[in-house]
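Step one of this worksheet: look at the structure below.
Numbering (mature numbering (1 follows the signal peptide of the UniProt record, and there is no 0)), first residue to last: -27 to -1, 1 to 1109.
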């Protein structure tokens, strides 16, 4: 249960779904999104706010009680003060020895009277601006009705009222009862301790026109003001917060002023008679829910500030029932529609609805008809996803009373308000209801019940019983019933008396609603291609809090072995090894306050942030006044995890010492060392997984335990890091690009190096020495190359490449990305160890273009240096750049091939040797980078272009594969042509659907695996359709085993995925039948289970083939076998 104890929360961005980096610098620039475009569109919630417009809201004291039995106002009121029926003009006189005076004009007793410890502000206008400060010489009685008159607070006043005095609360003497009384308006009493009924327990403060201008006033809490400052503060209180309704309007107006226009807000009042609301006669509701913008926002503020307050009762229960019935509307103009009030909208099943009910007192009258709802089981609900649930009476929700506020809340929580809609409402830990229901919040204005709300919140957490009392016969229990209302509706509750607290707490409720509406979970799962016995590393994120996770998963047992977030929490922020780059010093710097990067990190931070606090937050601590972090690991969205272990990258032809490096240094120290000299094993390094995160860091995790070995903060993200700490955090990307890790020979010694990009996080590329990640330090940060070094570097999305040139120089090669200075595509070649720019290769024409990820091909004879690279651009051109000697040469002036529709190529291509000669370049088209990309529908394709040293001019040189639907989630792909220069497949069935290629394809043993993504045009569905195509690399025909021409399956609904491959070894250590594969029988049980059966012929050898395939990518999925690895099988060779 939510405990509303927060400070003021600004809500400008919490309802936003997609935000760009900034306005594009030119018409050709991309509007790069700063939130994942595949998460669900946040469906704006319905918020009905119900105002207590009972007569007691006129009163100028709080709370109700015998102490104020005679008091109604603290200043004589004009007639029609709040537009309705007047109460008696009954005011305690200003006689200094009168108990009613000094007790009632002290904030220690009267929660609505002037409190010098507070700074009073004016009301806010609908546009969020403050109204003007009150004029002390003309302080208005009601700022919404200025014609009622004003009061000069600086002059002595003589006014007629029902004045009274007395020395006991049950005593009231005329002073006079209907006559004139003279007083100084700015008079209040500070309680200094002792008996609250004793005059000596108070210090009187009074400002007259003779008070010296040099006078100062110090509040009990230590706030010192000058005479004029104190006068202004009192005047603001008098005009804007003097009574219950004025103070409530102040707090409500300020809280809702921060609510963005995309929220949908309605207004109600507990004494509103039946009126037509969107075509239906409705009681209590004044305005149905509408987007909180324009005239509708103005109407809300007009209703809030201008609502007539008569001397009516407090029918809270009836009002709550009316609001619940409003949300049961199923007509086209009802609150579930995308266009409420209009018949042209669409009812959304995933929309959440909330009711905020505020009151200053005890309910009375207005009996509802819900019986003892919280002690009666509700219906069982279900949905198409197989979820079932419903309310069973349990503590602390239930009680034995009927028709209470708690019962009303339960009635509209446990029942499906829209039985005709699919039950797929987002849930959370507080509110598990997935059916259409009403979540309720209770707000008390200066009221307290018999129960401590904190005890009740604890009872909710523990499932303990609560004695809710009898609200029908007990006033404190009526206040507890308001708390019960918030508990049963799975919302929240608070009570506050002053405008600041009221605004802050109501702001917390609105923030909670925003968080719930923004709590769709998106999972971006990636997995590296691993060998037998290894783990899958799956990265994911949750939009609620923008936290991430990296899990190590056993692909055989399909169980999570370790979680990075858990290990980070155990490590603690102070113990982390975090480094960065200081461009001014051209050197590394530890990421702590006081280091060389402090000035850059603090450059754009708010003045209230100290360096110590901000760095503590960024390292993982929770810091007061900054955004709450539920995890030290930020969201991992675009960056794919990369594994670095003992693999052989084939560089022994360069230097035989490489084999020793593999055996000694690349060996995990937890594995046996096979070196004869133990000293050769001393430098062994941990197997490591690297991944970028939008907490501003590249993380290096121990691949077995998920312990963080180090983290790196690129300098290119320094200027925006402060935003992560903003309580009103609006998501943006930081370290969201791809990482390449490879071995390289520096001088006479081998090492392992990492080159990383930032994706949408920034215009920069960085290089690290990760030879021994467990000992990473200042000398291991090699360089950063940013747009400050060359403005033609854009936002780099693609894969970088680490390789060797023929002149023995080791290099990092990457595309320049998007939104560069001149909008041209460039290929960069930098020295791997120094970052010096060796080559910058322009491709195509300037304007609106940029180069994506780079794939390389090593020289075929020796495989000791790079021979050529391929990369695609935003104009749909696939480029080939050869390295003749060490100089890059653009082979074809207009590229190897250009998509006829000019569709962008954003994924890195895959290169493989064709058994019949030449190279095949596999790539797809499509983009999911700009805000407008989410639901664009274009015809994208997947290509296999055969490079025979001639460009491919058009589609006629390619054979076309046809896609047909073969049932739910399955597609056939048939290519009967024989294109001499390759093949292609249109990603459509019956017309374009927006399906596109977002990731590099994988080729394994002649089988091509392609991941595609198709956004779903359903606002309630997160992500899109994920498909995996499995095609014959030579022909483009479907190649799923056991199914003729089956070429694609739907993986599920979610984020774009990369096609992972896992190789499972079929050995007797595995349970029989674990990885059955069509055509590969299980071996017979050997006599000795520890010894595999003897291989005597080809048939038996086939029985012992390994199986490769796709690991489970979504919950409930199983391993998908694609083929076997056997001796004599013809394979295609794929190289980086």
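Ideal Cβ placement from N, Cα and C applies to all residues, glycine included.
Would residue i and residue j qualify as a contact pair, given that the criterion is a beta-carbon distance under 7 Å?
i           : j           : result
residue 419 : residue 470 : yes
residue 370 : residue 387 : no
residue 138 : residue 68  : yes
residue 238 : residue 207 : no
residue 57  : residue 283 : yes
residue 243 : residue 25  : yes
residue 934 : residue 946 : yes
residue 65  : residue 59  : no
residue 871 : residue 849 : yes
residue 846 : residue 809 : no
residue 337 : residue 287 : yes
residue 742 : residue 720 : no
Buried or exposed for residue i, going by 16 or more other Cβ atoms inside 10 Å?
i            : result
residue 147  : exposed
residue 868  : buried
residue 155  : exposed
residue 293  : buried
residue 495  : Caution is warranted here: a pLDDT of 34 is assigned to residue 495, below 50, making its placement in the model unreliable, and no coordinate value can be reported.
residue 802  : buried
residue 119  : exposed
residue 913  : buried
residue 857  : exposed
residue 963  : exposed
residue 1019 : buried
residue 16   : buried
residue 532  : exposed
Report the three-state DSSP secondary structure of residue i (helix, strand or coil).
i           : result
residue 240 : strand
residue 607 : strand
residue 134 : strand
residue 575 : helix
residue 488 : helix
residue 275 : helix
residue 643 : coil
residue 169 : coil
residue 875 : coil
residue 887 : coil
residue 478 : helix
residue 86  : coil
residue 787 : strand
residue 73  : helix
residue 704 : coil
residue 302 : coil
Please work out which residues of its chain come closer than 6 Å, Cβ to Cβ, to residue i, disregarding the five sequence neighbours upstream and downstream, and give them in chain order.
i           : result
residue 190 : 198 and 203
residue -25 : With a pLDDT of only 34 at residue -25, under 50, the local geometry of the prediction cannot be trusted, and no value is derived from it.
residue 702 : 600
Tell me the DSSP bridge mates of residue i?
i           : result
residue 851 : 845 and 870
residue 754 : 741
residue 553 : 562 and 686
residue 986 : 969 and 999
residue 24  : 242
residue 19  : 237 and 326
residue 776 : 784
Tell me which residues share the same chain as residue i and place their Cβ nearer than 7 Å to its Cβ, disregarding the 5 neighbours each side in the sequence.
i           : result
residue 54  : 31, 114, 115 and 121
residue 970 : 880, 897, 898, 899, 913, 915, 983 and 985
residue 459 : 413, 414, 415, 465 and 466
residue 819 : 795, 796 and 797
residue 694 : 574, 591 and 669
Between residue i and the ligand ATP, is the CB less than 6 Å from at least one heavy atom?
i           : result
residue 750 : Judged by which ligands are present, the structure shown has none, so any question about the ligand ATP falls away.
Which same chain residues end up closer than 8 Å to residue i when comparing Cβ atoms and leaving out the 5 residues on each side of it in sequence?
i           : result
residue 101 : 230 and 231
residue 691 : 553, 570, 573, 574 and 576
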